[in-house]
Amino acid sequence: MSEPKIYTRNYVDSESVFTLSHGGTPLYAYDRNAATRLVSTGANSDATTVDIEISFYQGGVAQTRTIDTLALLNHNLKTWTLYRWDGAAYQSVTSQAADALANRVVSFTSFSATKVKLSCSATQTTNAEKAVGEIVLCALTLDVGSDMTGYDVRWRERAREVTLGDGSLHKVFMKDDSGRLGKYEATVRFDYISKATRDLLKAIRDTGQPFLWQPESVSVPEDLFLVHWASTWSDKYTATHKGAGYELAITVKEV
1 MSEPKIYTRN YVDSESVFTL SHGGTPLYAY DRNAATRLVS TGANSDATTV DIEISFYQGG
61 VAQTRTIDTL ALLNHNLKTW TLYRWDGAAY QSVTSQAADA LANRVVSFTS FSATKVKLSC
121 SATQTTNAEK AVGEIVLCAL TLDVGSDMTG YDVRWRERAR EVTLGDGSLH KVFMKDDSGR
181 LGKYEATVRF DYISKATRDL LKAIRDTGQP FLWQPESVSV PEDLFLVHWA STWSDKYTAT
241 HKGAGYELAI TVKEV
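As structure tokens, then:
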């Protein structure tokens, strides 16, 4: 297993203001369903640059967000650049000249800005409309730096079984607002974590706020879930000797 990471929530949300050079549905960039995509219109040429400008707002008031991580999920972009607004002009943050991945998660030196711009030209399949399933902009809160010693995943579903008149069984699944059948839940266990890490994890729990959880940051970096810390706090010394590290069990449930 890979080291889990914890981030702030995605700052791209329903309050963000989108300015799109070539159309598309902004909702699909933050609906937490990578299968639905923001797709350009009339930009099916590698010579055409598409700009997606995102301004951060909360309660109708412009917000300055501190960001050090970008995730582009289920995208077809080959050549793209992320820019930050410095108050007078856009400055380049990170870019890819020949991206061949459908899911790209990249970290960089943190910056603070009220808006950003994603510019893209060439696509992985030549001359296609530009498409991206999710745009995640967030900041790293904690790199746990320790492998999970236990990781039990399950999916929360809303389903109903109906017995028909002939005795046959009909099962109805209800999708959530993102169009998925189930939501992520997991129980995670750590052994021998340091007191410093234990204290940082407790501080995250004590905020009571949802956060982005990346359980396997190396092998499956595209797995990013907005979760609540659902369990009560429970830790103990891993060994009988103080200072040998802590054992901690966590249950997280997707919002």
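Per the numbering used here, the sequence shown starts with residue 1, numbered consecutively.
Beta carbons: idealized from backbone N, C-alpha and C, even for Gly.
- Rounded to whole angstroms, the gap between the alpha carbons of residue 37 and residue 24 is 9 Å.
- Counting along the chain, the unbroken alpha helix (DSSP H) around residue 197 starts and ends at 195-207.
- The Cβ neighbour count for residue 233, taken over all protein chains shown within 10 Å, is under 16; the residue is labelled exposed.
- No Cβ-Cβ contact shorter than 8 Å links residue 79 with residue 107.
- For residue 62, the beta-bridge partners assigned by DSSP are 57.
- For residue 39, DSSP records a beta bridge to 131.
- When the Cα atoms are used, residue 64 and residue 171 turn out to be separated by approximately 47 Å.
- Look at the beta carbons and you see the stretch 89-102 not touching the stretch 142-152: under three pairs across the two are nearer than 8 Å.
- DSSP assignment within the stretch 7-38 yields the following whole beta strand (DSSP E) runs of 3 residues or more, N-terminal first: 17-20.
- Residue 169 holds the alpha-carbon nearest to the alpha-carbon of residue 160 among 154, 169, 153, 67.
- The shortest CA-to-CA distance from residue 58 to any of 32, 5, 103, 10 is the one to 10.
- DSSP places residue 220 in the coil class of the three-state scheme, outside both helix and strand.
- Taking C-alpha positions only, residue 250 is separated from residue 196 by approximately 17 Å.
- Judged by DSSP in its simplified three-state form, residue 233 adopts coil rather than helix or strand.
- In its chain, beyond the 5 residues on either side, 44, 45, 46 have a beta carbon closer than 6 Å to the beta carbon of residue 127.
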